[in-house]
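J.: Chains A and B, in that order, give the protein sequences.
Each number in the working numbering corresponds to the 1-based position in the first sequence with 4 added.
Each number in the working numbering corresponds to the 1-based position in the second sequence with 4 added.
Protein chains: 2
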Amino acid sequence: MYRVSVVKGQSRVSIQVEKNRKLWDVLLEHGIFLENFCNGHGTCGKCRVIVQPAREHHRLTGVERNFISEEEAQKGYRLACAVLVDEDMVVTVPERDREAVVLLSALYREVPLAPRVKKVKLWLKEPDLDDQRDDLKRLTDNLGSLKTGRDVICKLPGVLRENAFTVNAVIRKDELVDVVRPDRDGLYGMAVDIGTTTIAGYLVDLKTGKEVDVYSSLNPQRRLGADVISRINHEITTDRGREELRDLIVGEFNRMVSHFSRRNKVNRDDIYEITVVGNTTMMHMLAGIPADHIANAPYVPAYTRELEVKAREMGIDINPDGYVVMLPMVSGYIGADTVAAIMASGMYENSEVSLLLDIGTNGEIVLGNRERMVSCSAAAGPAFEGARITFGTGGVVGAISYVDLDSQEVYKTIGDEKPLGICGSGIVDVASELIKKGIVDETGRMKTAEELQGKLDSRLLKRIVEYNGQLAFVLDPQSGILVTQKDIRELQLAKGAIAAGMNILAKKLGLQWEDVRRVYLAGGFGNYIRVDSAVNIGLIPEVLKDKVVQLGNGAGMGARMALICDEYFKLASRIKDKVGYVELSGIPEFQTEFMDQMYF
Amino acid sequence: MYRVSVVKGQSRVSIQVEKNRKLWDVLLEHGIFLENFCNGHGTCGKCRVIVQPAREHHRLTGVERNFISEEEAQKGYRLACAVLVDEDMVVTVPERDREAVVLLSALYREVPLAPRVKKVKLWLKEPDLDDQRDDLKRLTDNLGSLKTGRDVICKLPGVLRENAFTVNAVIRKDELVDVVRPDRDGLYGMAVDIGTTTIAGYLVDLKTGKEVDVYSSLNPQRRLGADVISRINHEITTDRGREELRDLIVGEFNRMVSHFSRRNKVNRDDIYEITVVGNTTMMHMLAGIPADHIANAPYVPAYTRELEVKAREMGIDINPDGYVVMLPMVSGYIGADTVAAIMASGMYENSEVSLLLDIGTNGEIVLGNRERMVSCSAAAGPAFEGARITFGTGGVVGAISYVDLDSQEVYKTIGDEKPLGICGSGIVDVASELIKKGIVDETGRMKTAEELQGKLDSRLLKRIVEYNGQLAFVLDPQSGILVTQKDIRELQLAKGAIAAGMNILAKKLGLQWEDVRRVYLAGGFGNYIRVDSAVNIGLIPEVLKDKVVQLGNGAGMGARMALICDEYFKLASRIKDKVGYVELSGIPEFQTEFMDQMYF
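#1: Closer than 7 Å, CB to CB, is Arg154(B) near chain A or not?
#2: Exposed or buried, what is Leu191(A) when buried is set at 16 or more other beta-carbons lying within 10 Å of its beta-carbon?
#3: For Glu546(A), which residues of its own chain have a beta-carbon under 8 Å away from its beta-carbon, when the five flanking residues on both sides are left out?
#4: With distances taken Cα to Cα, identify the nearest neighbour of Asn531(A) among Tyr406(A), Gly46(A) and Val216(A).
#5: Tell me the DSSP secondary structure of Glu587(A) in three-state form.
#6: From the DSSP secondary-structure annotation, give me the bridge partner or partners of Asn624(B).
#7: Taking only beta-carbon atoms, is Val106(A) less than 7 Å away from chain B?
#8: Would you tell me roughly how many angstroms separate the C-alpha atoms of Pro332(B) and Gly193(B), rounded to the nearest one?
#9: Where does Val115(A) fall in DSSP's three states?
#10: Assuming Glu215(A) is part of the beta strand (DSSP E), what are its boundary residues?
#11: Using a Cβ-Cβ cut-off of less than 7 Å, list which residues of the region 114–141 of chain A approach chain B; keep chain order.
#12: So Ile423(B) packs on Ile393(B), CB below 8 Å; how close in whole Å?
#13: Excluding the five sequence neighbours on either side, which residues of its own chain have a C-beta within less than 8 Å of the C-beta of Trp127(A), listed in chain order?
#14: To the nearest angstrom, report how far apart Val378(A) and Gly372(A) are at their CA atoms.
#15: Identify which residue in Glu239(B), Ser262(B), Asn172(B) and Tyr303(B) has its Cα closest to the Cα of Leu290(B).
#16: Which residues in chain A sit within 7 Å of Ile293(B), going by Cβ to Cβ distance?
#17: Using DSSP with H/G/I as helix, E/B as strand and the rest coil, what is Met5(A)?
#18: Using a C-beta cutoff of 7 Å, does Val313(B) count as contacting chain A?
#19: Where are the alpha helix (DSSP H) runs, 4 residues long or more, that stay fully inside the region 487–542 of chain B, in chain order?
#20: Quick one: using the 10 Å Cβ neighbour count with 16 as the cut-off for buried, is Ala110(A) buried or exposed?
#21: Determine the direct distance from the alpha carbon of Ser73(B) to that of Met93(B), and round the result to whole angstroms.
#22: 7 Å is my cut-off, CB to CB: does Pro305(B) come that close to chain A?
#23: I want to see whether chain B comes within less than 7 Å of Ser596(A), judged by CB atoms only; does it?
#24: Against chain A, with Cβ distances strictly below 7 Å, would Pro161(B) count as a contact?
#25: So, does the CB of Gly590(B) fall closer than 7 Å to a CB anywhere in chain A?
#26: Kindly provide the ranges of any alpha helix (DSSP H) runs that are 4 or more residues long and lie completely inside the region 401–457 of chain B, ordered along the chain.
#27: Please name the residue in Thr447(A), Gly448(A), Lys466(A) and Glu446(A) whose C-alpha comes closest to that of Glu454(A).
#28: Report the three-state DSSP secondary structure of Cys687(A) (helix, strand or coil).
#29: Return the first residue and the last residue of the alpha helix (DSSP H) that Gly558(A) is part of.
#30: Is the Cβ of Glu587(B) closer than 7 Å to any Cβ of chain A?
#31: Leaving out five residues on either side along the sequence, give the residues of the same chain with a beta carbon under 7 Å from the beta carbon of Ile157(A).
#32: At a Cβ threshold of 7 Å, is Arg102(A) touching chain B?
#33: Taking the C-alpha atoms as reference points, what is the distance between Glu22(A) and Val254(A)?
#34: Taking C-alpha atoms, which residue in Phe604(B), Leu143(B) and Pro592(B) lies nearest to Asp134(A)?
#35: Could you say which of Ala173(B), Leu548(B), Cys569(B) and Asp189(B) lies nearest to Leu359(B) if we only look at CA atoms?
#36: Please tell me whether Tyr471(A) and Thr488(A) are closer than 7 Å, where the distance is taken between their beta carbons.
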């Protein structure tokens, strides 16, 4: 075992590593994400790290020479995907390299352990001339009527006789999916949340329901488009584009399986099921089903119901007779991830009304209770994800995520690193603060220094500057990071779309915001946002301020619930049926609402 | 169109043929089987015919030169598989070439038309912003809850939009198996009986239940062994032997599909189901499931129940989402063919007791009524199939199948051709006649000419000769075809096994033969045997003489019943459960019975 010390800004992590592990894998396993576009295949050159000691025998590989200069090599620069750990080392992640923060933890709910898959040990009588029952009947006479595929029947005669007719039968619902040696008693499942940008996976021991391991990575489809629309366009316009997109995501599933198997010494044939959630486009792309018509009005998906497909048919390397279980969706823009988050929130079983918000490029909004739920998807644009903002960035290390104009530092960054830019929750904070200080008025107009003269602390006044012909507010004079009038307008559009969607839903149900007892914020943005600021810019109604619960990765949690307990999988379909969908583009009053809600 | 006149011995058939058809295919389609081991692939050289006029431009192909001499070529000899019909021609099948007779006709039973597959035309509403139902839901809202595979969902968006949302949905049981253009309304199924030696297939229009076409061929697995035991040994002792055997039979299925499709102008994607029967070993080999343990005591098959597998998974080229439906079996030696024959006979629904006999290398015997049925398989050896008989032959053209010592001709052959040998029914006839004339006594001993002097017509007396140190009776002085003492002994063994099996079953049910109201003879041998002779040698009890029904190909008929009407498929499983199996080798008294029953 070697010790790898990872230094990133102020933080330092120490990891015990077996000999000859790939450094890239080691970092990924410990939640340290390096920017990359090739998932460790040595083709993008993005995963640069500094390795010390920079010994002579640490020669650059041929691949690395494409990306690292001789001078850099002498400083210890390497590609993490090309380094094998063969001694103790200190690995520094250079400042420029960003870490994707994937939210894995989630609100804990008690879920009964009742998976679809079980392993049953059988001591069978050996056949003789007085008992010539066929092998399958001999087995199933002890188990009741079970569907059985050809592949299991194929292996049955061998397994029975090699083990003197004592075997473990693996049963999933009403199907015999495997027969194995009596000493092979591992029983695992996986739950996966496919995001447009990130993928989070969980390995679960189905005998205990306990989470064994966690995996997260960037969705390799990114190279074909940053958002769902550009990926659908790729699918439509490219020969075999659909297969290409499917293969990318299936490949990532297989890396995840491989990772879980290797790191936890789990036989991949002992993994019998994967539950999957994701937005509607991702669910189509994983299954290789055309998502074409989701992109344009009337935004019709090919399917929305749950789907259970043999792992063999999906090309996913768990037990070939195991299943990939895809949770149901509501519509083209309310996916299985939202259904899962509804399940994780518990709002489907409460008599009181709850509001669920999952805000990203699209904001998914669900309002209702156990009687009735309605949902919509508001095209917020990418402002909440830091895109199209002058100094915007994703929720990465170094992103300004917190702003307080009364404090001396003014801002804080994720990981307390030197600032790289402003992420979604930072934008909300800035806007909130600028409004509080009167620098931005309720129409969103930024005031000039002249207008504010005498009304504002000179410390702040001097931060109001002109930038490319527009007004701007400087957050970090040293790096020059600032917020422009245009950035505020982008935020208004995003906030306006979400708030208008919320209002449409409330009207649909004839509710006042006072009637809502709980607000669940799901997803990464929802977990990092400062509730006060969200209220202050009018994203969340004032009356709901004290009712906010930050749910974490509700989608991933719902996927695990459906894995651990079949009742939750069935529940997902009932939730799908119960949730109405409101197409905002089909509602005339949406535009009016949208205009109204743009104001702060 | 050209005219092909086929001359075979006395018979002459005239066939209308399209230009450039392969002569091999043309003959096969018209039930004229040529000996062959390669199914028309030009590798065995067995399918020799004489083509006239033997024109100059009918040059031998390279392949043919391996098998046909220059001298033969001048006489018009060709390989049927190498000849294209490009003018009127006379084709003579040379005497030596034998025709396999496959029994396709069967007792007609009225079967309700209720197939598992149906096609439903749907005029769907096009989606808009007020009706964003996904494609699958839009379709199934009109059809009720249906399972749907990924492949169908994949093609759904395209088919719907290319046809302005008017489509034909193909539904099998509770599954949506296909969606096609509204003008594609063909709906076909196939029924196949896989024999160890021959394969018979039927193309059925599932909209009318009518038989559209018939196909028969030799089982290509023959090259790996003549009987099930030698094929199982091939499977056990050869690397990938199981795959090899499966691929041979699957290949033959695909030739059948291709033949049906081409000849009847049926789109193979419009064939949605194939029901299959066969003996237990064939059922295993088609499914690629190990048959290993059927060969040795305690003769345990891997499975016996019915199996429905997607055509795609089987590699069979009908609609990939269609199904191959394999009927259930009873035991290692009572197969799906016997279950199907029971179904075709109707014995399962009668209160009176019936006896079903399907005699080949193994004799399958079923006795009982709607309350209870028992079965056994008696290892008769190959005597009834003409093998191990000195001048034995299969049921081919030229086989002596009828013997009457009082007539002038003494014998008749199949097709009235010059005699080639004696087939199973001929052997039974000879034995019966020899017994009647006192030439063979009840112990089976053949008497010498001296012993018979004065007791026998001198015309017959001179036919008793010595042949290789044993007594023999000459059937055809010209060709020298005769029956030896050893042949009679072989017949005694075969007859003894069957009769002993029958007696064991009768005892099992506490029945006398008087209690049996009907005897069904199934299969080729059962259809050609002379009942009087079978009674005379003691194969069928005297009291049952007038109760015999020759059922024809009961197995193929049962397969068609299960195709046309789902109730019969379900019935097959109930029959399987109702039929008890008696393992003769496990019954001590079987040997005693067998010895007793060897006597005539």
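We put the beta carbon where it would ideally sit given N, CA and C, even for glycine.
T.: With the given structure in hand:
#1: yes
#2: Leu191(A) is buried by the Cβ-count criterion.
#3: Val539
#4: Tyr406(A)
#5: DSSP, reduced to helix, strand and coil, places Glu587(A) outside both helices and strands of the structure shown, so it counts as coil.
#6: What is shown of chain B runs 5 to 604, which leaves residue 624(B) out entirely.
#7: A caution first: Val106(A) carries a pLDDT of 37, below 50, which makes its placement in the model unreliable, though a value can still be read off. Output row for Val106(A): interface = no.
#8: Spanning the two alpha carbons is a distance of roughly 19 Å.
#9: coil
#10: Glu215 to Leu222
#11: Residues Pro131, Asp132, Leu133, Asp134, Gln136, Asp138, Asp139, Leu140 and Lys141.
#12: Checking the sequence, you will find Pro at residue 423(B) rather than Ile. Their Cβ separation, rounded to whole angstroms, is 14 Å, which puts Pro423(B) and Ile393(B) out of contact at 8 Å.
#13: Phe169 and Thr170.
#14: 6 Å
#15: Glu239(B)
#16: Arg154, Ile157 and Cys158
#17: Reduced to three states, the DSSP call for Met5(A) is coil.
#18: yes
#19: You should have 489–512, 527–532 and 535–540.
#20: In this prediction, Ala110(A) scores a pLDDT of 42, lower than 50, which makes its location untrustworthy; no coordinate-derived value is stated.
#21: 21 Å
#22: Look at Pro305(B): its C-beta is under 7 Å from a C-beta on chain A.
#23: The sequence as given places Thr at residue 596(A); Ser does not occur at that position. It does not: the Cβ of Thr596(A) has no partner Cβ on chain B nearer than 7 Å.
#24: Yes, Pro161(B) counts as interfacial toward chain A.
#25: yes
#26: Assignment of alpha helix (DSSP H) within the region 401–457 of chain B, counting only whole runs of 4 or more residues, yields 428–440 and 453–456 in chain order.
#27: Lys466(A)
#28: With chain A running from 5 to 604 in the structure shown, residue 687(A) is simply not present.
#29: Gly558 to Ile568
#30: yes
#31: Leu140
#32: With a pLDDT of only 39 at Arg102(A), under 50, the local geometry of the prediction cannot be trusted, and the value read off the model is given with reservation. At least 7 Å separates the CB of Arg102(A) from every CB of chain B.
#33: 28 Å
#34: Residue Pro592(B) is the option with its Cα nearest to Asp134(A).
#35: Leu548(B)
#36: Thr488(A) sits close to Tyr471(A), with the two beta carbons spaced by under 7 Å.
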